[in-house]
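Here the structure is laid out as structure tokens; the discussion comes afterwards.
4 protein chains.
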Amino acid sequence: MTVKVGINGYGTVGKRVADAVAQQSDMEVVGVSKRSPTYEARLANELGYPFYAASKDHLDAFDEKGIEVQGMLYDLLAAADIIVDCTPKKAGYKPIYEKAGVKAMWQGGEKHSLTGLSFNSLANYDEAYGADYVRVVSCNTTGLLRTLYPIHTDIGIDRVNAVMIRRSADPWDTKRGPINSINPVLNIPSHHGPDVQSVVPEINIQTTAVKVPTTIMHLHSVIVDLKEDVDTEHILDLWERTPRVKFFEASQGVDSTAKIMEWAKDRGNVRGDINEIAVWKDGTQVEDGTLYYYQAIHQESDIVPENIDAIRAMMEMEEDNMKSIEKTNAGMGIE
Amino acid sequence: MTVKVGINGYGTVGKRVADAVAQQSDMEVVGVSKRSPTYEARLANELGYPFYAASKDHLDAFDEKGIEVQGMLYDLLAAADIIVDCTPKKAGYKPIYEKAGVKAMWQGGEKHSLTGLSFNSLANYDEAYGADYVRVVSCNTTGLLRTLYPIHTDIGIDRVNAVMIRRSADPWDTKRGPINSINPVLNIPSHHGPDVQSVVPEINIQTTAVKVPTTIMHLHSVIVDLKEDVDTEHILDLWERTPRVKFFEASQGVDSTAKIMEWAKDRGNVRGDINEIAVWKDGTQVEDGTLYYYQAIHQESDIVPENIDAIRAMMEMEEDNMKSIEKTNAGMGIE
Amino acid sequence: MTVKVGINGYGTVGKRVADAVAQQSDMEVVGVSKRSPTYEARLANELGYPFYAASKDHLDAFDEKGIEVQGMLYDLLAAADIIVDCTPKKAGYKPIYEKAGVKAMWQGGEKHSLTGLSFNSLANYDEAYGADYVRVVSCNTTGLLRTLYPIHTDIGIDRVNAVMIRRSADPWDTKRGPINSINPVLNIPSHHGPDVQSVVPEINIQTTAVKVPTTIMHLHSVIVDLKEDVDTEHILDLWERTPRVKFFEASQGVDSTAKIMEWAKDRGNVRGDINEIAVWKDGTQVEDGTLYYYQAIHQESDIVPENIDAIRAMMEMEEDNMKSIEKTNAGMGIE
Amino acid sequence: MTVKVGINGYGTVGKRVADAVAQQSDMEVVGVSKRSPTYEARLANELGYPFYAASKDHLDAFDEKGIEVQGMLYDLLAAADIIVDCTPKKAGYKPIYEKAGVKAMWQGGEKHSLTGLSFNSLANYDEAYGADYVRVVSCNTTGLLRTLYPIHTDIGIDRVNAVMIRRSADPWDTKRGPINSINPVLNIPSHHGPDVQSVVPEINIQTTAVKVPTTIMHLHSVIVDLKEDVDTEHILDLWERTPRVKFFEASQGVDSTAKIMEWAKDRGNVRGDINEIAVWKDGTQVEDGTLYYYQAIHQESDIVPENIDAIRAMMEMEEDNMKSIEKTNAGMGIE
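Chains as they are written, first to last, in the numbering used here: chain A, 1 to 335; chain B, 336 to 670; chain C, 671 to 1005; chain D, 1006 to 1340.
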């Protein structure tokens, strides 16, 4: 028996989650939903995902463009065991899901308070087991948790300072700038630190952030005061054993976010995505008990496998988080 | 019996040509060659392409990085029926190929005079039939020929003025700028016009060019004085029947080079490439016998199918250019 | 006696027009007006321009930030002989000016129909003589008229095709993108051609346009079919004698919009502006009766001297357009 | 009596230092020197700076372009009391200056070991007093010293972690990229920390750095563990009294490097430069004894006043660093 997954919001994240669900043997896409008749609605048709209209406003337009509409959003809610909400932040669908009596999960654009449960596969899978409403944390927070959580449990962390150098727009988003500026996020510390703590409250972390004119990946410069003075090799070994963390080396020509993207294309990754957190092996160093490292985050896709794991936890399909991670990775082609 | 293809230069174009050759039933990759031990050399290993070192200088480095080396470039030349040269322009390998007695083809960075034969699948496949040395014209020239040649033969052209708005660097190339500038190519007219004429001398075309700070596609604004005053629909019908020309519509949300790239990723195209020339249906218009249109060119991949066709022509594998085009397209997954 | 000029809208254009008015001996700034209490309102205070609030909504905020407010917009209208409207397009102040009985001029963001009179200093100064309402055409249209009008009168033009490669945002505008895309303007031909004709209907011109990720200057690639086959030198001589057209040469290192901006800074131009249209001498060429050239347009400042001339015409301060141009240029430090 | 200053290298830094020297009452520009006949050589002529050729190779070219050449570099060395070397790094002129018996100072591209004395006006003016050879530290190091040194002396610093988000090219530099990438500097910690310590060895500082696709300013995210837990106001007061540190506020619309540049243009700063370090008042915060702040660095001009002070120290023109700073600032129009 496979779990029936509906996806509300078929854009940057929704289309990726749909494909990832379809790649798993224990779940299926019963439908995707979207408001406007862009080419992505047609894409859903082509990929064989039943398409549901999120609003009556554009029904004529779907018809005009020859996009086959299976029904309305409430039909999808009725057909699904669980909804992955990939709509823009604050879209406000929770009461609708509650009324339909369907489980639901959201993305990191929403606040922790929406669900009271923020999720990371490695850190708190158990908490989400059987839960009705879960928030998968943002791409940046997911990235921080993937590399910090094993250090937290294995070595212990006194303090983390992370500076997030953020891409300003997704590749397809031609409206947003800046074109030639660095924009600091002047709320200090930035919201990313508390967001990490919404999953693991014990990690002492402060973050700052700036926006820069790129479209392809966020980059973090992270400084960790360790509880114990281990050597660099110890940290690298730890990450070697951590799922969804992948090493790159400048000495092999991969010395920028652009080169990581090229690698992902060359590897044949769908959409050129990289679901892993990219850590530079030759940019990692421990000095006097302080760890310095850089990591790059593919903002459109690192949270996709976390969404799959969250489905498994919420639907009580698999008790062990490591087994879910393994299944998800195998289905998605993550090493 | 399959034709044995060697690729000298395993970079942006070389890696794409290798994959395209591997997708054809009537040819195979007998090896690829490269000078330096970047991750792309390892990629060749992983994909099962026999790897040959283009220079003795880096043999130790290949060894050190665990990249399996099958032999030297001359070994590859001996093993191959034909070499696709994808080395940087003016690399100067022609005498070496001549000495080895192997057929060879080059990319558009080289001058017409190197081979005396510049190639486009649609326009002059016959000329390349059985030829020993051929140059496949550049991405921009290929783009111009794909849309202009059918107009030239079907309607007739009085004059073409094309302005090429060129991306300044490939996505992986983090060295090249500009970051915030428009750089005009002050040699007027630019070399693209004569390059079109190196394939079809009868087309009266002048071009100018500017470089802009993007990495993803060239864009052409083309103005064609037609010999006959047809309507816009006539032109669109013509292109509808032309291989490797694909329509996009702003009304479906595809209103920029960035959105075309997104479409290509969503379609599942390998590396997010688009081998077709992208023409905006709602940006095409005939007024008083003058045709205006915009087209976008994926600089890294539009010439790849042309390379495959050129192999077939030079090796006398297929007499009819339309049949070769069809075979190539089927193998590569081009509609 | 000096003419009293009020400026409504103290942003990108307004602050430049204010300074240019202040530099003229026959006019003075009686006040500037703005809605919101940004640092630019303070700047007006510091420069000694009486400041008027455009709306009551922010009066407290002005007070809080210590910005001295002289009165409201209607006070400014009463004090001024003429208003230069530099508010965002479609702000809709015309009825207010009419009611106040004050002359007014607008910028090129507005439609021709607003005033029925579109202005360029060289081409139709006489038409604006004594007029109550005038629109100074946009930066791009002004640029086209500066170089085309002398050719139109001296040689005659059969047809112009111009491609405008447009910067996407002003340098201070950090909201607008794209970051990595070329966006064609799919309405063909673009509005720039008809806009030229709103000043000189006899010029046969079609234009297309694309937006690119730069902030500093527009660039035009212009192709002119001449009525007479003159040589390149003839064209250069003509422009040499044309005010507000300035030559640059790649052979002296000025081969991009970025280098022109650097030149303007080095020359000591206020704000690094360049009020002239920049034409590449070594990018200009006549071939078989067709003229090819590139020009660059400083979007924030080329229309400023035109605003000054329009004031003189509307206020009947000077009958001869060339004399006004000379006065304006002398005051503003334009060669 | 005025000190005679020669400038070797009349590019980005050299042209600014020349103008700053000319603005001081106690020093004069006896000449500037450059290798190639770009428009900047002509600029020197126009500004009345005697021009000397740095190499015989281009003498004809200077002549051809009508650039007046006063003599060769060694003539300039003979005429000057002190040389400000603004040539590209590792240009290697030291032996030539030694042979000519002229004092000389270099910029931050050079290593500390070249002079054994690295300079900052605030921190170690005395050490440079009477010295023959001095290195003015880089724009980034100058920026760090301006804000850290007063904290070091007033409060005491346990540790500094600074992440430098660096612009990748100067505005005029159209060759350098990246266009769409973030490039981490993988040498950890980066050289900026030790460079700060070349002036003030007692400051415990580690730095990391990334390059981003902008041209206009560097931005630092700085975290300082203070020896004493003061409040935010204390820090702001301290910087208020520190020369060449200037506050900006997002609440007044200045929330990015682009807006700072706009402010500098509006203020009428020559070339739109800003010699001060820009600190965001509303981006500064002390939490539990840790100070967080952002600062922006105008890479082309913050070191210019430091060059002037270094001349005064080396030539023993003024014993008190604060008096030199005041004189320099007054001459250059720094508040």
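Backbone N, C-alpha and C define an ideal beta-carbon position, used for all residues, glycine too.
By a beta-carbon distance limit of 8 angstroms, residue 1339 (chain D) contacts residue 1249 (chain D). Their separation comes to about 7 angstroms. For the segment 155-184 of chain A, the residues whose beta carbon sits under 8 angstroms from a beta carbon of chain C are, in order, 168, 169, 171, 173, 174, 175, 176, 177, 178, 179, 180, 181 and 183. Counting along the chain, residue 707 (chain C) sits inside no beta strand (DSSP E), nor does DSSP assign it H or E at all.
In this structure the segment 504-522 of chain B touches the segment 535-546 of chain B; the number of beta carbon pairs closer than 8 angstroms is three or more. Residues of chain C with a Cβ closer than 9 angstroms to the Cβ of residue 1300 (chain D) do not exist; the shortest Cβ-Cβ separation is about 18 angstroms. Short of 7 angstroms from the beta carbon of residue 563 (chain B), and not among the five residues preceding or following it, lie these beta carbons of its own chain, in chain order: 490 and 491. The C-beta of residue 118 (chain A) comes no closer than 8 angstroms to any C-beta of chain B.
Under the 8 angstroms criterion on CB atoms, residue 423 (chain B) is classed as non-interfacial with respect to chain D. Shown here for residue 974 (chain C): same chain residues with a beta carbon closer than 7 angstroms to its own, the five before and five after excluded, namely 686, 687, 690 and 945 in chain order.
Any Cβ of chain B closer than 8 angstroms to the Cβ of residue 777 (chain C) would place that residue at the interface, and such an atom is absent. Along the segment 1207-1220 of chain D, going in chain order, the ones with a CB nearer than 8 angstroms to a CB of chain B are 1218, 1219 and 1220. Of all residues in the segment 1260-1275 of chain D, only 1261, 1263, 1264, 1266, 1267, 1268, 1270, 1271, 1273 and 1275 come within less than 7 angstroms of chain C when Cβ atoms are compared, listed by chain position. The CB of residue 923 (chain C) comes closer than 8 angstroms to the CB of 1043, 1044 and 1045 in chain D, given here in chain order. Only residues of its own chain outside the window of five on either side were considered, and among them 632, 634, 637 and 638 have a CB closer than 6 angstroms to the CB of residue 474 (chain B), listed in chain order. The C-alpha of residue 107 (chain A) lies about 16 angstroms from the C-alpha of residue 124 (chain A). Secondary structure note for residue 496 (chain B): its beta strand (DSSP E) is the uninterrupted segment 492-502.
Nearest neighbour of residue 1070 (chain D) by Cα position, chosen from C:921, C:765, C:783 and C:710, turns out to be C:921. In the structure shown, residue 812 (chain C) falls within a helical segment according to DSSP collapsed to helix, strand and coil.
For residue 309 (chain A), the enclosing alpha helix (DSSP H) has its first and last residue at 304-314.
Within chain B, the residues 601 have their CB atoms less than 7 angstroms from the CB of residue 43 (chain A), given in chain order. A distance of 8 angstroms or more separates the beta carbons of residue 423 (chain B) and residue 258 (chain A).
Residue contact check for residue 239 (chain A) against chain D: no CB pair falls below 8 angstroms.
Counting only the Cα atoms, residue 434 (chain B) lies some 58 angstroms from residue 1082 (chain D).
Note on geometry: alpha-carbon atoms of residue 462 (chain B) and residue 560 (chain B) lie some 28 angstroms from one another. Non-local beta-carbon contacts of residue 445 (chain B) in its own chain, meaning distances under 7 angstroms to residues more than five positions away in sequence, involve 424 and 470 in chain order. The straight-line gap separating the alpha-carbon atoms of residue 1247 (chain D) and residue 1221 (chain D) is approximately 24 angstroms. Contact with chain B is found for residue 272 (chain A), since one of that chain's Cβ atoms lies less than 8 angstroms from the residue's Cβ. Residues of the segment 678-705 of chain C that bring their beta carbon within less than 8 angstroms of a beta carbon in chain D comprise 685, in sequence order. Rounded to the nearest angstrom, the Cβ distance from residue 379 (chain B) to residue 345 (chain B) is 6 angstroms, consistent with a contact under 8 angstroms.
Excluding five sequence positions before and after residue 1028 (chain D), the CB atoms of its chain that fall closer than 6 angstroms to its own CB belong to 1336 and 1337, given in chain order. Residue nearest to residue 166 (chain A) within the set A:195, A:185 and A:150 is A:185 (criterion: CA-CA distance). Not one beta carbon of chain B lies nearer than 8 angstroms to the beta carbon of residue 987 (chain C). Assignment of alpha helix (DSSP H) within the segment 855-931 of chain C, counting only whole runs of 4 or more residues, yields 862-867 and 902-910 in chain order. Per the coordinates, the alpha-carbon of residue 1007 (chain D) lies some 56 angstroms from the alpha-carbon of residue 281 (chain A). Residues of chain B whose Cβ lies closer than 8 angstroms to the Cβ of residue 891 (chain C) are, in chain order, 498, 519, 543 and 545.
If you draw a 10 Å sphere on the C-beta of residue 1226 (chain D), you find 16 or more other C-beta atoms in it, and that means buried.
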